[in-house]
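**Q**
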């Protein structure tokens, strides 16, 4: 299977209805993943620190028009959350906030990172896009990676769905991975929101963005994510549904075009799919996740407002069992912490 | 001129129009660069240039032998050929820079092949000194073609320094062993945006073809041609092989998949049950 | 007067223009490139450069090479 990095080639792969094509893609992706990753699976968990957000993204459960309870964890509450997650064995943590420069400024993030350093060996952030200097400060403090999704690379569509806050600025967001790379971040995670724009077009743009980052910042470890647009409370927004077959092909294409880049699959996706896709290119998965603020230790689960609904509710132990059953080698940490200079 | 060479020249010209090879602002229609060392005599050099269609030849600078009069190689080169001064003999960047400046001062153009070797056993190039020389000479307006041991970090540094191409060795100079460092060259071809010219160690037309099939932009051959039984004949064979390899590369043939083992079906699950997301 | 040419010591009768030495050694070789004490001397200046004690001249030209 030799797809080309072009709109026509990607589109024809997606539109191809023959199960043979899907299988061929999967076999190729599986072989490459074996070659470059063996059967390792990196595990991580998200901790949502705050759902305050200055952006109005029409598709998101945290957007600033949504009438949800806005919470921001205090330092003590953050410590509690981290202790809880750490007890499950998780060493890689992804700290998330809504995009609020006012409510969760860099000082707040730095406090959270400091707390994380007491519990975790790998710290990544998925927060509001920042300047190079800020990323550098966070890197020196001990942050290894940042995650930022362009959501869609189509400018027109981007303007249609991002109606408020700094996120309205397409170019600023686009430049975020580069600013983080220049600051010295070890890992950078990119992605698109599947279903938001034209899939083949967004895939091509994402892959080209990654190619150019690889060329200019070759020392960074890159990874890709493909969250699928899902229903949020009270919003019927899904212009393009991406079925499981298309989703599988997308994962495979990413692996084929980027044999050495990590591919992430979160608990957004159901167990059955996750368990099969680990064979076809996925190399990082979250486990035991809670996607609401304070979700591990605060309040009543049914009263919480998650950013997205979790479909895979398995605990870390369940996931470990599943991975061992399928002859995978779960990896909690790739390295021991050393000072980031 | 015999019919064979006419046809070759014609093909070379056509290739130049549809698949141009650009170096230092020049458009070349031949992807065969030739060295002029080790030939039996200078007339053979001239015959090989004609037979191969090469447009760029390397020459070296040496102290004149004051005890006897010799023809100068330049008298045997066609007037429109591009001279690529080789800094062979230089053991460090300073010496390479001096040689390049000498050639330019004397009016022989600004194309320089940086060859810095301070290892007389294997004749391996000194990558670090090569980068230093490139930095200096590129700033002075030279078209620099640095000869290196294939190393991606060095190649990137050379791009930054302003090199016009990178010239990774295929195998040790004079060894005729072909592409011993094929995988390393492949990396350069994939990652470096300036032309990659495989230089040194290409001992046969098939090896030159192999380099072009991989995606190399050109090859430089010297020893194999100079020491052949029929140098002009082999030069022509090289030219044809280089063209064949280039065409093969442009036609993107499927390569053998190294891990083509069939394993159990991975995606049956998508089609057996309902596929609603 | 002693000078060095291509690494070897030569004895000259006295100070003289560079052009005379070149003419003497290289006859009318149009391909000679000249370096004097590390500096490249353009052909037009050979006549006007006077040699002195201890000067080092390098006479080079192109040869076939890889």
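Protein chains in written order, with our numbering: chain A, 1 to 341; chain B, 342 to 618; chain C, 619 to 684.
C-beta: ideal position from N, C-alpha, C; glycine also.
All of these numbers come straight from a predicted model, not from anything done at the bench.
1. Please identify, using Cβ separations under 9 Å, the residues of the region 513-527 of chain B that lie next to chain C, in order along the chain.
2. Against chain C, which members of the region 398-425 of chain B pass a CB distance test of less than 8 Å?
3. Please state the DSSP three-state secondary structure of residue 574 (chain B).
4. Cβ closer than 8 Å: which chain C residues qualify as neighbours of residue 328 (chain B)?
5. Alpha carbon to alpha carbon, what distance is there between residue 423 (chain B) and residue 414 (chain B)?
6. I'd like the list of long-range same chain contacts for residue 321 (chain A), defined as Cβ closer than 7 Å, with 5 residues on each side in sequence excluded.
7. Of the residues A:59, A:47 and A:262, which one's Cα is nearest the Cα of residue 86 (chain A)?
8. Using 8 Å for Cβ pairs, my map puts residue 189 (chain A) next to residue 147 (chain A). What's the rounded Cβ distance?
9. Below 6 Å CB to CB, which residues in the same chain sit around residue 654 (chain C) once its five sequence neighbours on both sides are set aside?
10. Would residue 383 (chain B) be called buried (16 or more neighbouring beta carbons within 10 Å of its own) or exposed?
11. Give the DSSP-derived three-state secondary structure of residue 526 (chain B) in the structure shown.
12. Within the 7 Å Cβ cut-off, does residue 669 (chain C) reach chain B?
13. Quick check: the Cα distance between residue 138 (chain A) and residue 3 (chain A), rounded to an integer number of angstroms?
14. Run down chain B in chain order and give the residues with a C-beta less than 8 Å from the C-beta of residue 624 (chain C).
15. Report yes if the CB atom of residue 344 (chain A) is closer than 7 Å to the CB atom of residue 54 (chain A), and no otherwise.
16. What are the boundary residues of the alpha helix (DSSP H) that includes residue 86 (chain A)?
17. Is there contact between the region 55-63 of chain A and the region 151-163 of chain A, where contact requires at least three CB pairs shorter than 8 Å?
18. Where does the unbroken beta strand (DSSP E) through residue 282 (chain A) begin, and where does it stop?
19. Of the choices A:63, A:114, A:297 and A:124, whose alpha-carbon is the least far from that of residue 98 (chain A)?
20. Considering Cα atoms alone, identify which of A:102, A:286 and A:117 is closest to residue 225 (chain A).
21. I'd like to know if residue 377 (chain B) contacts chain C, where contact means its C-beta is closer than 7 Å to some C-beta of that chain.
22. So, using beta-carbon positions, are residue 33 (chain A) and residue 255 (chain A) closer together than 7 Å?
23. Helix, strand or coil: which one does DSSP assign to residue 540 (chain B)?
24. My understanding is that residue 248 (chain A) touches residue 277 (chain A), with C-beta atoms under 8 Å, so please give their C-beta distance in whole angstroms.
25. Assuming residue 383 (chain B) is part of the alpha helix (DSSP H), what are its boundary residues?
26. Does residue 629 (chain B) pass the burial test, meaning 16 or more other C-beta atoms within 10 Å, or should it be called exposed?
27. Under 6 Å Cβ to Cβ from residue 543 (chain B), same chain only, skipping five residues before and after it: list those, please.
28. If you draw a straight line from the C-alpha of residue 567 (chain B) to the C-alpha of residue 682 (chain C), how long is it?
29. Between which residues of its own chain and residue 111 (chain A) is the CB-CB distance below 8 Å, once the five residues before and five after are set aside?
30. Could you list the residues in the region 47-62 of chain A with a C-beta less than 9 Å from some C-beta on chain B, going in chain order?
31. Could you give the first and the last residue of the continuous beta strand (DSSP E) run that contains residue 515 (chain B)?
32. Check whether the region 651-665 of chain C and the region 385-400 of chain B are in contact - that is, three or more C-beta pairs closer than 8 Å.
33. Counting only runs of 3+ residues fully inside the region 132-186 of chain A, write out the beta strand (DSSP E) ranges in chain order.
34. Whether or not the region 476-488 of chain B and the region 497-504 of chain B are in contact is what I'm after, with contact meaning three or more pairs of Cβ atoms, one per stretch, closer than 8 Å; do they touch?
35. Determine the extent of the alpha helix (DSSP H) in which residue 111 (chain A) is found, giving its start and end residues.
36. For residue 229 (chain A), which option in A:187, A:149 and A:104 has the closest C-alpha, if you only look at C-alpha atoms?
**A** With the given structure in hand:
1. 514 and 515
2. 399, 400, 401, 402, 403, 404, 405, 407, 410, 413, 414, 415 and 424
3. helix
4. For chain B, the structure presents residues 342 to 618; residue 328 (chain B) sits outside this window and is missing.
5. 14 Å
6. none
7. A:47
8. 4 Å
9. 675
10. buried
11. helix
12. no
13. 39 Å
14. 404, 405 and 407
15. The structure shown does not extend to residue 344 (chain A), since chain A is modelled only from 1 to 341, so the question has no answer here.
16. 75-87
17. yes
18. Counting along the chain, residue 282 (chain A) falls outside any beta strand (DSSP E), and DSSP gives it neither H nor E.
19. A:63
20. A:286
21. yes
22. yes
23. strand
24. 7 Å
25. 383-393
26. Residue 629 (chain B) is absent from the model: chain B starts at 342 and stops at 618.
27. 511, 549, 560 and 562
28. 11 Å
29. 75 and 78
30. none
31. Run containing residue 515 (chain B): none; DSSP gives neither H nor E here.
32. no
33. 145-147
34. yes
35. 106-117
36. A:149
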